[in-house]
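As C-alpha cells, the structure follows; a few thoughts come after it.
Chains as they are written, first to last, in this note's numbering: chain A, 13 to 202; chain B, 2 to 390.
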C-alpha cells in the first residue's frame, strides 16, 4: 500500500558510551565515568529539579535524561496530553532490575521490596516520562531481539496517520551491566 | 476511507480450567474456578491462592510437540495454544502474510530463578529475553516474520489486539496471531506480596470485602484476519480500540479514573461506536481496593454504570500479560453465545458507583461489548467487539 504521508523528526537525543548527542551535537561527553556517575552528571547539567530521579532504576534514569535533553525546550508545547504518543523498545526489558529482585528473594535472605519490583516492567519508563511531561496518549513498549528503529518509526507513523497521535516520542532505551544505549526522536507527519 | 473489517476468526484458552476455549467456557458456565489454595514451598513460603495449570495435563498436551525438549515451559504453552487455534482455520503459519504478536510481562523469567533439581538450567540466561522466547515460538512454526513482542504490564494482551488492528487496517497482513502468556512464578508472587496486593482468599472483584488479587497463569490466542471465517454464522469483529496513560503514578491507579475514561472514549471513537451500544463490559477488576474503585469512576464518567459487567479474575486469577487476551476471548464468546458470565466472587457492591455487576450467569441477547485493562505504569487500554451488523 503506498504511503500517503511521510514523517519528520523534530529532534533527537542519543546516549551511549559516555556521550550525549542532542540533534547530533555533543551535549555532554564523559567517557571515563561509570554509568552511575555519568547519568548523575547529566542530570545536574540539565539544571532541573526532579527529586524522583534519584529513586528511579538505571533504565528509567537513562530514559529520563534522554527525554529531558530532547524535550527541554518545551518541544511538546502546543500538543494536548492525549495527542502525544510514546513508542519505545529494548532487548532486555528490565533484566538488570530483575536480577536485583531475584537477589532479594533468596530464601536465606528474603526481603522483596516494592521499590525494586515496580521497576521490573519496562513500560514503567514510559510511565515516568508520561508523568514528567503530562503525556496521556497512546503508548506501547516493544521488545526486539535486534534493535529495529525502522519498525518503531513505522508503527509511530501508523499512529500519526490514523490520528491516534499528533506527535510521537519514539525510540530505544536499553540498560545492561555491559552497555547502555538510548535514542529518542520526536516524530510528526510532515 | 473504507477500512478493512477485522474478524476474530479462531481462539484458544489454555489455563487452569482447560486446554481449549470450549473446556474453559463449560467450566465457567458451571461457575467453576481455577483459583485454588496451593502449598508449594518452592514457589511461596506459605499457602497461597493462585490459578495454576494442571501439570499432568500440561505434560500430556505439550510433550507431544515436536522437539518439545528444546522449548521452555511458557514457549510450549504458547506453541500448544497457537497450534490449537490455527488448526481450527487450517491456517498455514509459515506464510509471509501471517504475523505473530506475542504479549507477556515476564516471559521465561522462571529460567532466572533459583533452579530446583527438576528444573536444572538447560537454557542460557538470554533465553529469558522476550525476543528470544518469541523467536523460539516463531521458529517452531517456521514463520518468516520477526514476531512483534508487546511488554506493557497488565494491558499487554489488550494492547496487542489494538496493535494487530493497526496492521490489519493498513493491509500489512492477511492474518495476525495474537497470543498472550504468563506463568505463576516465585518472581511475581514475591513481587506482588511486596506490594501487599495479594488476597489470602479467592479474589472478590468490585466487592466490599475485596482484599487483593490472585495470580494466575495461562495463554490466550486469538487469530484475527480481514476476511470472515467460512460458514461462521455469527462473525465477531474487533471494531476499534485505544490506549492511554494516567500521567499520575507509576504503580498506583489514578484516583479519578480519568486515564481509563480517556482510553474508553478514544476506543469508542476509533470503533465508531458509543456507550449506548454496549451490552456488556469485561473489566480488568483485579480486586484490589484501588483498581476496582478507579474503574468504577471511569465507568461513571463514561456513563456505562448501567451496562452489565463482570471481571473474570475470579475464574482464572490475574494472568498478567495473558489477561487481556484470555478475557477478550471469553468476551467474544459471551457475544456469540448471548451469555453473560457471573462476576465470580462478587456479593456486595464495594465501589462508590452503582455498577451493574452480573451476579448470575444468564442468557441475554448481546450485540457489542467493551473490554478494558489497566496496569502498572499508569497504562490503560480498551477494545470494542461486536457482532457484525
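Glycine included, each C-beta is placed from N, C-alpha and C at the ideal position.
Does the CB of residue i have a neighbour CB from chain B at under 8 Å?
i	result
residue 153(A)	yes
residue 65(A)	no
residue 180(A)	no
residue 188(A)	no
residue 52(A)	no
residue 94(A)	yes
residue 60(A)	no
residue 176(A)	yes
residue 13(A)	Low per-residue confidence applies at residue 13(A): pLDDT is 46, beneath 50, and the placement is therefore not dependable, though the value from the model is reported in the following sentence. Yes, contact with chain B.
residue 71(A)	no
residue 130(A)	yes
residue 150(A)	yes
residue 104(A)	yes
residue 157(A)	yes
residue 146(A)	yes
residue 117(A)	yes
residue 139(A)	yes
residue 125(A)	yes
Any beta carbon of chain A sitting closer than 8 Å to that of residue i?
i	result
residue 106(B)	yes
residue 380(B)	yes
residue 204(B)	no
residue 130(B)	yes
residue 330(B)	no
residue 251(B)	yes
residue 187(B)	yes
residue 149(B)	yes
residue 337(B)	no
residue 180(B)	no
residue 260(B)	yes
residue 243(B)	yes
residue 369(B)	no
residue 110(B)	yes
Which residues in the same chain have their Cβ closer than 6 Å to the Cβ of residue i, if we skip the five residues on either side of it in sequence?
i	result
residue 261(B)	299, 375, 381
residue 292(B)	254
residue 179(B)	102, 161, 162, 165, 223
residue 205(B)	211, 288, 346
residue 276(B)	303, 304, 305
residue 82(A)	23, 25, 196
residue 151(A)	98, 138
Under 8 Å, do residue i and residue j count as touching if we go by C-beta distance?
i	j	result
residue 154(B)	residue 129(A)	no
residue 87(B)	residue 12(B)	no
residue 214(B)	residue 287(B)	yes
residue 149(B)	residue 154(A)	yes
residue 305(B)	residue 279(B)	yes
residue 159(B)	residue 269(B)	no
residue 332(B)	residue 283(B)	yes
residue 259(B)	residue 247(B)	yes
residue 95(A)	residue 177(A)	yes
residue 207(B)	residue 351(B)	yes
residue 187(A)	residue 80(A)	no
residue 170(A)	residue 171(B)	yes
residue 359(B)	residue 22(B)	no
residue 158(A)	residue 201(A)	no
residue 144(A)	residue 76(A)	yes
Using DSSP bridges, identify the partner residues of residue i.
i	result
residue 118(A)	121(A)
residue 37(A)	34(A)
residue 39(B)	49(B)
residue 92(B)	Looking at the DSSP assignment, residue 92(B) forms no beta bridge with any residue, so it has no partner.
residue 252(B)	Bridge partners of residue 252(B): none, in fact.
residue 187(A)	192(A)
residue 181(A)	98(A), 198(A)
residue 24(A)	197(A)
residue 386(B)	239(B), 370(B)
residue 310(B)	282(B), 358(B)
residue 319(B)	216(B)
residue 8(B)	226(B), 238(B)
Can you find the residues in the same chain that come closer than 7 Å, C-beta to C-beta, to residue i, ignoring five residues on each side of it along the sequence?
i	result
residue 267(B)	243, 245
residue 28(A)	192, 193
residue 317(B)	16, 17, 18, 35, 52, 217, 219, 327
Near residue i, what residues of its chain come up, given a Cβ to Cβ distance below 8 Å and the 5 sequence neighbours on each side ignored?
i	result
residue 30(A)	41, 42, 43, 44, 45, 50
residue 3(B)	none
residue 73(B)	109, 111, 112, 124, 128, 134, 137
residue 273(B)	240, 241
Please compile the residues from chain E whose C-beta is within a distance smaller than 8 Å of the C-beta of residue i.
i	result
residue 327(B)	Although the question refers to chain E, the structure presented lacks it and instead comprises the protein chains A and B.
*Taking only runs that begin and end inside the stretch 258 to 306 of chain B, name each unbroken beta strand (DSSP E) of 3 or more residues, in chain order.*
281 to 284
_My parser needs the alpha helix (DSSP H) runs of 4 or more residues fully inside the stretch 45 to 92 of chain A; what are they?_
47 to 57, 70 to 83
_List, from N- to C-terminal side, the beta strand (DSSP E) runs of 3 residues or more that fit wholly inside the stretch 149 to 191 of chain B._
149 to 151, 176 to 183
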